[in-house]
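Protein sequence lines correspond, in order, to chains A and B.
UniProt numbering puts the first sequence at residues 1 to 243.
UniProt numbering puts the second sequence at residues 1 to 256.
Glycine included, every Cβ here is placed at the ideal spot set by N, Cα and C.
Treat the numbers as computed from the prediction; the structure is a model and nothing was measured.
Since the structure comes first, as structure tokens, the remarks are kept for the end.
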Amino acid sequence: MLDISAWFNDLLADNLIFTPTTLGYYWEGLVTTTQLVFLSLVAGLILAVPLAIMRSSKHKWISLPVYLYTYVFRGTPLLIQLYIIYYGVVFIDGIQETFLWPVLKEAFYPALIAFTLNTAAYTTEIFRGAIKATSKGEIEAARAYGMSQNLMMRRIILPSAFRRALPAYGNEVIFMLHASAIASVVTLMDLTGAARFVYARFYAPFDAFLFVAAIYLCLTFAILYFFRFLEKKLLAHLRPQNS
Amino acid sequence: MKKLLTVSLLGLAVAAASSAHARDYDNVRIGVDVPYEPMEYRTAEGELTGFDIDLGNALCERIGVTCEWVEQEWDGIIPGLMSRNYDAIMSSMTINDERRQQVLFSDPYITMPSAWFAPSSLDISEANEETLAGKTIGVQRGTLQDNYVTDNFSSVADISRYSTADDMVLDMEAQRLDIVFLDFPIGQSTLLDSEEAEYVVVGERISEPKEYFGEGFGIAFRQRDEALAEQFNEALAELQEDGTYDEIYARYFGEE
């Protein structure tokens, strides 16, 4: 243990930029980015499932509002959505006195709300595509067994739709990680925020940004391997069988 | 391989030509981070104005060159100078040793203290580790105020860093920030004159220690443009001599 810390100190001894203090900022950034992306993805996923079912509904009055929502959130840049939610809300008169203010006051929650709504919109569309692609044969078979609409949705359509959506959803997760880089414009000290801080303080763009790019790469690798593992597990039935 | 050699020789030739040209400017591009009232901002008509702008234009006129203002966000303003997006920076930049390793400064053309600004409801008379404990402090990212606050208060308070002073003032009005640390005149024109709420200066104006607050604002040049810096220094001395400087100063800060 002592060896490692001595080695680490040696490693840091000869440079001005990567001191324990700035590495602390990067660490803080890593934690913030991970929290932000993870929580918004989980919340987005939970929102997206019912929305996708509504979006696939035959009734216009159910599917149209969801369509409008996904159209708006996929049709505008995430940065603009973040600005509107973070800076826009303060122009609502008396917002400071409402119970919402403790939440909106912090930079973290407006960013989380913007990211969640954005990823939920994309995920809804991914799931809708997967639900639509359910083969007619499966549905007819389910009906032949006398399954109700609900039961069929729960047992047949959704499980196979999730599997079909998996590769596309893996992409969405990676996009979300990279999109989270804009969180620093609303003062959040995320990974990019830490890099911008180091850059502005030491005027060293290459060191600051290459280092943070390497961290993003590692995170992306972790996500890639997680999804590859999931696909292996869940899509096993699609692989050619070795007899 | 041969092609590569030709290309790199060509590159060298271009570099040599431009560095020869660099000694003799007839058009000086000046980098500036807008808005930073009253030093540099836009009027309602969209016209660039402010103390830096007026003084910079007067200096260029005196030297006999044309000035072109190039807008650049603060946290990339020194790298922008290095990568030749412009030839000088005149943007309320405090002279200090850290920056001096990167750029060549003119003589200071104005000295400006920093100060703490807070809503009167905050009700503290002095900013120190005790009174700031648990508060959220706003600063502009990469400024000397950022360095000062980061080094002295990051263990007791939360620090929010902004790209522009405007965003920071907006969040102050939104009550997301408890207190901000700014160049005094900037806080004066953006916060003290604000109609939104009542703001006060907390404690004395601060310009010590010098390792943070430097020696005043200077115009920054690339290290090797010594001749250009010298021209600006001479012109500055002349303007201070003949009263032009005082006139511009009075336009933005009132009579001394």
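Quick one: is P102(A) near chain B, going by C-beta distance under 8 Å? no
Report all residues from its chain with a CB closer than 6 Å to the CB of I62(A); omit the five preceding and five following residues, and keep chain order. Once the five neighbours on either side are set aside, the close Cβ partners of I62(A) are M54.
What separation, rounded to the nearest whole angstrom, lies between the Cα atoms of E28(A) and F99(A)? Rounded to whole angstroms, E28(A) to F99(A) spans 28 Å at the Cα level.
Looking only at its own chain, which residues have a Cβ that is under 8 Å from the Cβ of L166(A), when we skip the five neighbours before and after it? F227, L230, E231, L234, L235
In angstroms, rounded to a whole number, what distance separates the CA positions of L78(A) and Q101(B)? Rounded to whole angstroms, L78(A) to Q101(B) spans 38 Å at the Cα level.
Per DSSP, C67(B) is paired with what? V28(B)
Between A52(A) and T124(A), is the Cβ-Cβ spacing less than 8 Å? yes
Cα separation between E47(B) and E204(B)? 34 Å
Taking one C-beta from the segment 164-181 of chain A and one from the segment 120-134 of chain A each time, how about it: are there three or more such pairs within less than 8 Å? yes
Relative to the alpha-carbon of C218(A), which residue among I17(A), H178(A), F202(A) has its alpha-carbon at the smallest distance? H178(A)
Bridge-paired residues (DSSP) for A161(B): According to the sequence provided, residue 161(B) is Arg. The question's Ala does not apply to it. According to DSSP, which records beta bridges pairwise, R161(B) is partnered with V139(B).
In or out: D33(B) buried (at least 16 other Cβ within 10 Å) or exposed? buried
Chain A contacts from the segment 95-124 of chain B (Cβ-Cβ distance under 7 Å): Q102
7 Å CB neighbourhood of C60(B) in its chain, flanking five on each side removed: V28, T66, C67
If we require 4 or more residues per run, which alpha helix (DSSP H) segments fall completely within the segment 151-228 of chain B? 165-173, 184-187, 210-213, all fully within the segment 151-228 of chain B.
Using a Cβ-Cβ cut-off of less than 8 Å, give me the residues of the segment 9-35 of chain A that come near chain B, in sequence order. Within the segment 9-35 of chain A, no residue has a Cβ that lies closer than 8 Å to any Cβ of chain B.
If you measure from the beta carbon of R29(B) to each beta carbon in chain A, is any gap under 8 Å? no
G94(A): buried (16+ other C-beta within 10 angstroms of its C-beta) or exposed? exposed
Helix or strand or just coil, what does DSSP make of P205(A)? The answer is helix: DSSP assigns P205(A) an H, G or I state.
Name, going along the chain, the residues of the segment 58-76 of chain B whose beta-carbon falls closer than 9 Å to a beta-carbon of chain A. W74, D75, G76
For A214(A), count the other beta carbons within 10 Å of its own beta carbon; 16 or more makes it buried, fewer makes it exposed. Which is it? By the 10 Å Cβ count, A214(A) comes out exposed.
Terminal residues of the beta strand (DSSP E) in which P110(A) lies: Premise fails: P110(A) lies in the alpha helix (DSSP H), 108-132, not in any beta strand (DSSP E).
Using a Cβ cut-off of 8 Å, pull out every chain B residue sitting near Q96(A), in sequence order please. The CB of Q96(A) comes closer than 8 Å to the CB of A174, Q175 in chain B, given here in chain order.
Closer than 7 Å by beta-carbon distance: list the chain B residues that pair up with F197(A), in chain order. R141, R161
If we cut at 8 Å on Cβ distances, does V185(A) have a partner in chain B? It does: the Cβ of V185(A) has a partner Cβ on chain B nearer than 8 Å.
Where does the unbroken beta strand (DSSP E) through P159(A) begin, and where does it stop? Note, P159(A): premise wrong, no beta strand (DSSP E); alpha helix (DSSP H) at 158-179.
At what residue ranges does the segment 53-108 of chain A contain a whole run of the alpha helix (DSSP H), taking only runs of 4 or more? 60-75, 78-83, 101-105
Proximal residues of chain B, C-beta to C-beta of Y87(A) below 7 Å: Neighbours of Y87(A) on chain B, chain order: L170.
Applying the 10 Å Cβ sphere with the 16-neighbour rule, what's the burial state of G50(B)? buried
Please tell me whether V42(A) has its Cβ less than 8 Å away from any Cβ of chain B. no
In chain order, what residues of the segment 108-122 of chain A put their CB closer than 9 Å to some CB of chain B? Contact annotation: in the segment 108-122 of chain A, no residue has its CB less than 9 Å from a CB in chain B.
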